[in-house]
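Protein chains in written order, with the working numbering: chain A, 1 to 79; chain B, 80 to 319. Built from N, CA and C at the ideal position, the CB exists for glycine as well. It should be emphasised that the depicted structure is a prediction, and the values quoted were computed from it without experimental measurement.
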Amino acid sequence: MKAKIHVTLKQGILDPQGKAIEHALDSLGFKNAGNVRVGKYMEVDVNETDKAKADAAVKAMCEKLLANTIVEEYRYELG
Amino acid sequence: MKIGVVVFPGSNCDHDCQHVFRDVLGQYVEMIWHKETLLAGLDAIVLPGGFSYGDYLRTGAIARFSPVMGAVKEFAKKGGMVLGICNGFQILLEAGLLPGAMLRNKSLHFICKDVSVKVENAATSFTSAYESGQVLKIPIAHADGNYYTDPVMLAAMQANAQIVLRYCTLEGKVTPEANPNGSLDNIAGIINAQGNVLGMMPHPERCAEAVLGNDDGKLIFLSMLEALKGNRKQLKMVGA
């Protein structure tokens, strides 16, 4: 199974990169763009056929390494 | 004293730390490759600055899983003194030996310059040779030094005087303008509640000799040696 994992800074934590991009979008005339958040995208092949097992494994990966849950949040799709 | 300096792939301040302890202060220094799992006979451990594992994923995130870190944690748990400088501080945070996390500098820039830092707590094993409130000139060199922790932890650290170093003006005023990276509460260095693990973003090893034009950082290392000799001041944590 393949896990597609997104890690971003938690809402409420200043994302300086997101802010910089937001300003650039604004300068380009995209006045409708706001609240830009920059994150990481990772793909991991998980050698499991059972979805529940794969899910538990990916969650543990995120908690232990892929995200720093003090400042970041994560979400993923399994397929 | 026998000081261990851990060398991760990508460490680049390890030899500076070795130089200060060995050549400036006349101590025995052992360089410890990150694959070591046993740390015998050491009096203190330094996690030096650099870019361990290329800062992949997050600063310090991979180094934290280096084989040596198990032994470092064990050493710290037994009360051993651990100093983390810059990337070493980031590793201590990722390893959970200190609370909080690092964010990208508010300006997004890598900042490499001398800054003013105030000694907020001179009653620690790492700062006892300074005067309380003393202002140091000391260089920083990082892109991720924007310290963050939740309000509950911040209040606890303030109450325990765990915030040891803060960015300030030349006159020692802690202001937003004197904050180079957006760090919460102008935090430049913190200590754990037990008082044996210190992390700091500024580089004391880069200003520990008069010949370099600045030796403000030397007293960090001298404080450590003094503490190790058992000559430390009465370590009384004073509430902030």
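Once the 5 residues before and after Gly318 (chain B) are set aside, which same chain residues still bring their CB inside 8 Å of it?
The pLDDT assigned to Gly318 (chain B) is 41, lower than 50, so where the model puts this residue is not dependable; a value taken from the coordinates is nonetheless given after this. Excluding sequence neighbours, Gly318 (chain B) sits near Ala238, Asn239, Ala240.
Looking at Gly179 (chain B) and Glu199 (chain B), is the spacing between their C-beta atoms short of 9 Å?
no
Could you check what DSSP says for Met148 (chain B) in three-state terms: helix, strand or coil?
helix
Extent of the continuous alpha helix (DSSP H) run through Val58 (chain A):
51-61
Is the number of C-beta pairs between the segment 299-307 of chain B and the segment 201-219 of chain B that are closer than 8 Å three or more?
yes
Are the CB atoms of Gln169 (chain B) and Thr138 (chain B) within a distance shorter than 9 Å?
yes
Rounded to whole angstroms, what's the CA-CA distance from Met148 (chain B) to Ile141 (chain B)? Just pull it up for me.
11 Å
Pull up the DSSP beta-bridge partners for Pro259 (chain B), would you.
The partner list for Pro259 (chain B) (beta bridge, DSSP) is empty, contrary to what the question assumes.
Who are the Cβ neighbours of Asp55 (chain A) in its own chain at under 8 Å, not counting the five residues just before and after it?
Leu78
Would you say Asn68 (chain A) reaches chain B, if we count a Cβ-Cβ gap shorter than 9 Å as a contact?
yes
DSSP three-state call for Tyr226 (chain B): helix, strand or coil?
strand
Relative to the alpha-carbon of Pro283 (chain B), which residue among B:Lys156, B:Asp193, B:Glu153 has its alpha-carbon at the smallest distance?
B:Asp193
Which one of B:Pro230, B:Gln97, B:Asp223 has the shortest CA to CA distance from Arg285 (chain B)?
B:Gln97
Measuring only the C-alpha atoms, how far is Met61 (chain A) from Ala289 (chain B)?
48 Å
By the criterion of Cβ-Cβ separation under 7 Å, what are the contact partners of Leu78 (chain A) in chain B?
Here the premise fails: no neighbours, minimum Cβ distance about 21 Å.
Cβ shell of Asn89 (chain B) (< 7 Å), same chain only, five flanking positions each side left out:
First, the residue type needs correcting, since residue 89 (chain B) is Gly and not Asn in the sequence shown. The answer, listed in chain order, is Gly129, Phe130, Ser131, Tyr132, Gly133.
Since Ala20 (chain A) meets chain B, which of its residues come closer than 7 Å, beta carbon to beta carbon?
Leu187
Identify whether Lys216 (chain B) lies in helix, strand or coil by the three-state DSSP scheme.
strand
Assuming Val44 (chain A) contacts Ile70 (chain A) (C-beta within less than 8 Å), just tell me the rounded distance between them.
Actually they do not touch by this definition, with Cβ atoms about 22 Å apart.
Would you list the residues sitting across from Thr8 (chain A) in a DSSP beta bridge?
A:Gly39, A:Glu73
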